[in-house]
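Notes follow the structure.
In full-length UniProt numbering, the protein residues as written are 1 to 68.
Structure representation (structure tokens):
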């Protein structure tokens, strides 16, 4: 991620911006961000009970003490 950010920063500093290099750096940053998001989710859901199923029910309507 740092290398890609450095490419983007260096490209912005050059008077004649090489758009291909800027696009490549931006693409690398997007890909690394996606990979990091997937890794974080994998780490978050790696507990002993995370492989089990779950049921979530959401119902609309008034209820509870805050609804009065």
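C-beta atoms are modelled at their ideal positions from N, C-alpha and C, and glycine is treated no differently.
Flag this pair as yes or no: are the beta carbons of residue 4 and residue 28 separated by less than 8 Å? yes
CA-to-CA distance, residue 56 to residue 23, given in whole angstroms: 42 Å
Compare the beta carbon distance of residue 1 and residue 25 with 8 Å and say whether it is the shorter of the two. no
Got a sec? Which residues, its chain only, sit under 7 Å from residue 62 by beta carbon, not counting five neighbours each side? none
Using the C-alpha atoms, what's the distance from residue 19 back to residue 11? 8 Å
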